[in-house]
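Novice: So the sequence shown is numbered by UniProt numbering: it starts at 1 and just counts up by one.
Don't be surprised by glycine CBs; every beta carbon is placed ideally from N, CA and C.
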Amino acid sequence: MKAIPRQKPIFRFAPSPNGPLHLGHALSAILNHDMAKQADGRFLLRIEDIDQARCTPDFEAGIFADLAWLGLTWEEEVRRQSLHFPAYQTALQSLIERDLVYPAFLTRGEVKARVAVGEADGIPWPRDPDGTPLYPPDDRARSNEERKRLLAASLKHTWRLDVDKAIAAVGEPLHWHESGDGERGDIIADPAAWGDVVLSRSDAPSSYHLSVVVDDAAQGITHVVRGLDLFHATSIHRLLQALLGLPEPLYHHHRLILGEDGKKLSKSQGDTGIAEWRRQGWSPLELRGRIGL
Numbered sequence: 001m002k003a004i005p006r007q008k009p010i011f012r013f014a015p016s017p018n019g020p021l022h023l024g025h026a027l028s029a030i031l032n033h034d035m036a037k038q039a040d041g042r043f044l045l046r047i048e049d050i051d052q053a054r055c056t057p058d059f060e061a062g063i064f065a066d067l068a069w070l071g072l073t074w075e076e077e078v079r080r081q082s083l084h085f086p087a088y089q090t091a092l093q094s095l096i097e098r099d100l101v102y103p104a105f106l107t108r109g110e111v112k113a114r115v116a117v118g119e120a121d122g123i124p125w126p127r128d129p130d131g132t133p134l135y136p137p138d139d140r141a142r143s144n145e146e147r148k149r150l151l152a153a154s155l156k157h158t159w160r161l162d163v164d165k166a167i168a169a170v171g172e173p174l175h176w177h178e179s180g181d182g183e184r185g186d187i188i189a190d191p192a193a194w195g196d197v198v199l200s201r202s203d204a205p206s207s208y209h210l211s212v213v214v215d216d217a218a219q220g221i222t223h224v225v226r227g228l229d230l231f232h233a234t235s236i237h238r239l240l241q242a243l244l245g246l247p248e249p250l251y252h253h254h255r256l257i258l259g260e261d262g263k264k265l266s267k268s269q270g271d272t273g274i275a276e277w278r279r280q281g282w283s284p285l286e287l288r289g290r291i292g293l
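(1) With a floor of 4 residues, list each alpha helix (DSSP H) that falls wholly inside the region 6-79, ordered by position along the chain.
(2) Any Cβ of chain B within less than 9 Å of the Cβ of F231?
(3) Taking the runs of the alpha helix (DSSP H) that are 4 residues or longer, which of them lie wholly in the region 118-162?
(4) Based on the DSSP secondary-structure assignment, which residues constitute the bridge partners of W176?
(5) DSSP on K264, reduced to helix/strand/coil?
(6) Can you list, in chain order, the stretches of the alpha helix (DSSP H) that have 4 or more residues and sit fully within the region 206-234?
(7) Please confirm if the region 20-39 is in contact with the region 59-75, defined as three or more CB-CB distances below 8 Å between the two stretches.
(8) Spatial neighbours of K8 within its chain, please: CB distance less than 6 Å, with the 5 preceding and 5 following residues excluded, ordered by chain position.
(9) Measure the CB-CB distance between A87 and V214 and report whether it falls below 9 Å.
(10) Tell me whether the beta-carbon of D139 lies closer than 9 Å to the beta-carbon of P103.
(11) Excluding the 5 residues preceding and the 5 following L174 in the sequence, name in chain order all residues of the same chain whose CB lies nearer than 8 Å to its CB.
(12) For the beta strand (DSSP E) containing T103, list its first residue and its last residue.
(13) Might you give, ordered along the chain, the residues of its own chain that have their beta carbon closer than 7 Å to the beta carbon of N18, omitting 5 neighbours on each side?
(14) Starting from L250, follow the beta strand (DSSP E) in both directions and report where the run begins and ends.
(15) Assuming D49 and S16 form a contact by the criterion Cβ under 8 Å, report the distance between their Cβ atoms to the nearest whole angstrom.
(16) For S82, I'd like the list of residues in its chain whose CB is within less than 6 Å of its CB, leaving aside the five on either flank, ordered along the chain.
(17) Rounded to a whole number of angstroms, what is the C-alpha to C-alpha distance between A91 and L285?
(18) Where do the N-terminal and C-terminal ends of the alpha helix (DSSP H) with L95 fall, by residue?
(19) For the pair the region 144-154 and the region 199-218, tell me if three or more CB-CB distances fall below 8 Å.
(20) From this set, L21, L258, R127, A61, which residue's C-alpha is nearest V111's C-alpha?
(21) With a 10 Å radius around its C-beta and 16 neighbouring C-beta atoms as the bar for buried, classify T222 as buried or exposed.
(22) Starting from the C-beta of A217, find all residues in its chain whose C-beta is less than 7 Å away, skip the five residues before and the five after it, and write them out in chain order.
(23) Roughly how far, in whole angstroms, is the beta-carbon of G180 from the beta-carbon of H254, given that I think they are within contact range, below 8 Å?
(24) Throw me the rounded Cβ distance for the V198 and T158 pair, which I believe falls under 8 Å.
(25) Any idea what DSSP makes of V170, helix, strand or coil?
(26) Please report how far the alpha carbon of Y135 lies from the alpha carbon of D164, in whole angstroms.
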């Protein structure tokens, strides 16, 4: 009998070119690269450039330069999200046709005001695992006729997942296998904790949640290795995978690199980038030591 060849594990590093990579990115990239090598697997690079307003060619070039300096190699060709907008639209449309998403018209200011009024009356507003207030139920409760009228008026809107309908459509508890630096083993997913998350914005054809599951499936990713800040988001990703009939990767959420203020490093806060450490004379080996590798 002819032996069935074993599929090679496939890992990926998926940065956004909206700022310089910092030490937290270095940890994630190196872990993915080294774990793929140890497993005799493949290491892929994905550029998550859906946000065309903030992502630039210069930042993308910086990503390639930083990763090459770290001694990492990856397979060509690199997947760029900006080249795959139709794939995300197809996935979204399938959910629209099943009435599992709805157009949401409230602005951020309106949501903020609604939350403030509720909390001023002493009613705690429910929040997601990241501490963001859940979206009010106004748009979810609209009739189909009213939704069509508002859409026909070309009002700006997002598409949000009706998480209660989505969970009911799956019809069974979801879980994922975790091998990271926090909880391990069989983790029960709790997508309801996130409320009705955005799947597509008025200024972008997809959100992180939708595009990441579509991309991982398209690239055949078997192992998702990323920071612990995305641990709870896996609940939403497992729900979307189940709804769209996509494969379930194994997950490994690693520790975060924290700044002097005890918070995770952030591009938006201007935390020191890999390129700056390089300019200061650090070697790749010294940088590995600085992040505990």
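Specialist: So, from the listed chains and residues:
(1) 23-38, 57-69
(2) Any reference to chain B falls outside this structure, which holds one protein chain only.
(3) 144-152
(4) As a first step, residue 176 must be located in the sequence shown, where it is residue number 176. According to DSSP, W176 bridges with I187.
(5) For the purposes of this step, residue 264 is taken as residue 264 along the sequence shown, with counting starting at 1. K264 falls in the strand class under three-state DSSP.
(6) 208-218
(7) yes
(8) Translated into positions along the sequence shown, residue 8 becomes position 8. Excluding residues within five positions, the ones whose Cβ falls inside 6 Å are G41, R42.
(9) For the purposes of this step, residue 87 is taken as residue 87 along the sequence shown, with counting starting at 1. For the purposes of this step, residue 214 is taken as residue 214 along the sequence shown, with counting starting at 1. Taking 9 Å as the Cβ cut-off, A87 and V214 qualify as a contacting pair.
(10) Your numbering for residue 139 matches position 139 in the sequence shown. Your numbering for residue 103 matches position 103 in the sequence shown. Yes; because the gap between Cβ atoms is below 9 Å, this pair is in contact.
(11) As a working mapping, residue 174 is identified with position 174 in the sequence shown. Cβ neighbours of L174 beyond the five flanking positions: I188, A189, P191, S235, R238, L239, A242.
(12) For the purposes of this step, residue 103 is taken as the residue at position 103 of the sequence shown. Here residue 103 is Pro; the residue named in the question, Thr, does not match the sequence. Residues 101-104.
(13) In the sequence shown, residue 18 corresponds to position 18, counting from 1. Correct list, in chain order: D51, R54, C55, F59, K267.
(14) Counting from one through the sequence shown, the residue named residue 250 turns up at place 250. 250-254 is the span of the beta strand (DSSP E), which, as asked, contains L250.
(15) For the purposes of this step, residue 49 is taken as residue 49 along the sequence shown, with counting starting at 1. For the purposes of this step, residue 16 is taken as residue 16 along the sequence shown, with counting starting at 1. With 8 Å as the limit, D49 and S16 qualify as a contact, their Cβ atoms being about 7 Å apart.
(16) Along the sequence shown, one-based indexing puts residue 82 at 82. Hits under 6 Å: D49.
(17) Mapped onto the sequence shown, residue 91 falls at position 91. Mapped onto the sequence shown, residue 285 falls at position 285. Going from the Cα of A91 to the Cα of L285 covers about 42 Å.
(18) For the purposes of this step, residue 95 is identified with residue 95 of the sequence shown, where counting begins at 1. Per DSSP, L95 belongs to the alpha helix (DSSP H) from 85-97.
(19) no
(20) Here residue 111 refers to the residue found at position 111 when the sequence shown is read from its first residue. For V111, the nearest C-alpha among the options comes from R127.
(21) For this step, residue 222 is matched to residue 222 along the sequence shown. The residue is buried, with at least 16 neighbouring Cβ atoms inside 10 Å.
(22) For this step, residue 217 is matched to residue 217 along the sequence shown. Contacts found: L246, P247.
(23) As a first step, residue 180 must be located in the sequence shown, where it is residue number 180. As a first step, residue 254 must be located in the sequence shown, where it is residue number 254. So it is a contact: roughly 6 Å between Cβ atoms.
(24) For the purposes of this step, residue 198 is taken as residue 198 along the sequence shown, with counting starting at 1. For the purposes of this step, residue 158 is taken as residue 158 along the sequence shown, with counting starting at 1. Between T158 and V198 the Cβ distance is about 5 Å, and since that is below 8 Å, they are a contact.
(25) Within the sequence shown, residue 170 is the residue found at index 170, counting from 1. V170: helix per DSSP, three-state reduction.
(26) Reading the sequence shown from its first residue, position 135 is the one you call residue 135. Reading the sequence shown from its first residue, position 164 is the one you call residue 164. Y135 and D164: Cα-Cα distance of roughly 13 Å.
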